[in-house]
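A quick write-up on the structure given underneath.
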DNA sequence: CGACCTCTTGAGTGAGCTCAAAAACAGTGG
DNA sequence: CCACTGTTTTTGAGCTCACTCAAGAGGTCG
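See the structure below:
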């Protein structure tokens, strides 16, 4: 099943059109530079939910900018234990790693139908050479991801279940807010099963379930049917000591 | 105590001398470029053990390359819980973050006497502009750190105490090995107290102590008096599924 | 030789896990 | 519209790994 193939858009310049301008890697670029980008034949691609962008230990010669949808990065140990490293949201960059020839140590899988902008590795490197500003921006993006990983690390190492969950909810809420207003009342669409929360937070689904109920009964937040509702933002912040504006959107230079 | 001040070396070009050539940020640069670097008046600095390079929530206008010694990056929550994010070893780059104007969300503190190469922020950015290759290398370094954070994350989320400790020991062993041969027999000098291990691995000192005994009694590894001995490398690898060559030393371009 | 760390060991507790099974839900095909 | 099947959520009961509290032992340094 899911035999729907990756759809390649014929006109590559489409990719440099409206959506691109909103994306992190290109955000504050001059239109000059944007135009130059398009020379690199950015391929756009759509994948169904569940599709694997790249699998663990594989070698990849592509990197991606996520346009639409959610992707999870995860790592599986030999005996099947799984750790979700990151939920990638629109605007995030995927597949960049220190040694581009080495196998990746995690897998990337779509949680919803996704749209991606694909950069062949050679193309990416070429772009860096021609537009050093992009390399600097890449460093910035990677540093931002690292800061998020550090946050995540602190959660797993030093917070009990309730705080981990609260923290994740606030993070998701904030990340989605910076990319456009979210309707607090209607709730935030979050395509995560309890199993995903468990694998991201280092807990079991069963315990996630109980903790979810706890948050619900405390009137802090609910997650039902793929809709996250932040009921008491302040209350969640007090639990976690979360600070907004963690991951500045301003560029380095 | 520890009132010994930061010692600034008079001759800045010293910093571009012998030690620099071994460092990650500059490693495969042409001597041309190396020379250019020195124009930026790299200041070298020595600090005693326990010195704070920068503290949590402060704004920093410097970044560092670590020459000698160990540094820990850690984050402290309001109620005092602490998470060590990373142990920085010689060659590592410190203080680079997405928004260089924003406060850092972690602190950096020397675990041993250290020697650093200091880059003023302006100087670093200037270097990036003049030598885009450095920006690319910066992205590479950051991606490598992120990969290590992901490893760490997997440990905290999905491994029991014994495996976390074994994994950390293997990581330290490997990272030190790539920067020069280590004497397996004599053991590896590791300036970590049990408290550090606990804060890095999300456990208590007491439990670290018991787990350490467990590894010792299984003949896998010992840590006593600041000396780490890997007694059964293969055994540790089997526990953790650790793979060498995780963080390639090859550059991107 | 105190004073102060750091390490070690014991005893009891608890947050989160495992095992087990029911209930809700979403498709799917008749 | 309804059985039929698979997935996800929910709840219960018991267990364990890691935590807390407490105290002793071993170093180190002024």
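Protein chains in written order, with the working numbering: chain A, 3 to 255; chain B, 3 to 255.
Each residue gets a CB set at the ideal place from its N, CA and C atoms; glycine is no exception.
| Query | Result |
| --- | --- |
| On the three-state DSSP scale, how would you describe residue 106(A)? | coil |
| Using the C-alpha atoms, what's the distance from residue 158(B) back to residue 10(A)? | Low confidence applies here, because residue 10(A) scores a pLDDT of 34, under 50, leaving its location unreliable; read the following figure in that light. About 39 angstroms. |
| Does the beta carbon of residue 144(B) come closer than 8 angstroms to any beta carbon on chain A? | yes |
| Give me the chain B residues within the contact set of residue 92(A), using Cβ-Cβ distance strictly less than 7 angstroms, ordered along the chain. | Those do not exist, as residue 92(A) stays about 18 angstroms from chain B at its closest Cβ, beyond 7 angstroms. |
| Between which two residues does the alpha helix (DSSP H) containing residue 123(A) stretch? | 123-132 |
| Below 8 angstroms on the Cβ atoms is my contact criterion, and I expect residue 245(B) with residue 152(A) to pass it. Report the Cβ-Cβ distance as a whole number of Å. | Contact flag wrong, Cβ pair sits at about 23 angstroms. |
| With C-beta atoms as the reference, is residue 238(A) less than 8 angstroms away from residue 232(A)? | yes |
| So, for residue 130(B): in the same chain, excluding its five sequence neighbours on each side, which residues have a beta-carbon less than 6 angstroms away from its beta-carbon? | 136 and 137 |
| In whole angstroms, what separates the C-alpha of residue 24(A) from that of residue 211(B)? | The pLDDT assigned to residue 24(A) is 43, lower than 50, so where the model puts this residue is not dependable; a value taken from the coordinates is nonetheless given after this. For residue 24(A) and residue 211(B), the distance between alpha carbons rounds to 51 angstroms. |
| Say whether chain A places a C-beta atom closer than 8 angstroms to the C-beta of residue 111(B). | no |
| With residue 73(A) as the anchor, note down where its beta strand (DSSP E) starts and where it stops. | 73-78 |
| I want to see whether chain B comes within less than 8 angstroms of residue 158(A), judged by CB atoms only; does it? | yes |
| Taking three-plus beta-carbon pairs below 8 angstroms as touching, is the segment 106-124 of chain B in contact with the segment 139-154 of chain B? | no |
| Decide if residue 87(B) is buried, meaning its Cβ has at least 16 other Cβ atoms within 10 Å, or exposed. | buried |
| Have a look at 75(A), 60(A), 128(A) and 93(A) and flag the residue whose alpha-carbon is nearest the alpha-carbon of residue 111(A). | 75(A) |
| So who's on the other strand from residue 225(A), going by DSSP bridges? | 230(A) |
| Which residues in chain B have a C-beta closer than 7 angstroms to the C-beta of residue 99(A)? List them in chain order. | 145 and 149 |
| Pair every Cβ in the segment 50-68 of chain A with every Cβ in the segment 91-109 of chain A, then say whether three or more of these pairs are closer than 8 angstroms. | yes |
| Using a Cβ cut-off of 8 angstroms (strictly closer), state whether residue 63(B) contacts chain A. | no |
| Let me check one thing: in DSSP terms, what residues is residue 100(B) bridge-paired to? | In DSSP, residue 100(B) forms no bridge with anything. |
| For residue 1(B), which three-state DSSP category applies? | Shown here, chain B extends from 3 to 255; a query on residue 1(B) therefore has no answer. |
| What residue from 89(A), 46(A) and 139(A) has the CA that sits closest to residue 193(A)'s CA? | 89(A) |
| Between residue 44(B) and chain A, is the shortest Cβ-Cβ distance under 8 angstroms, so that the two count as touching? | no |
| Does the beta carbon of residue 130(A) come closer than 8 angstroms to any beta carbon on chain B? | yes |
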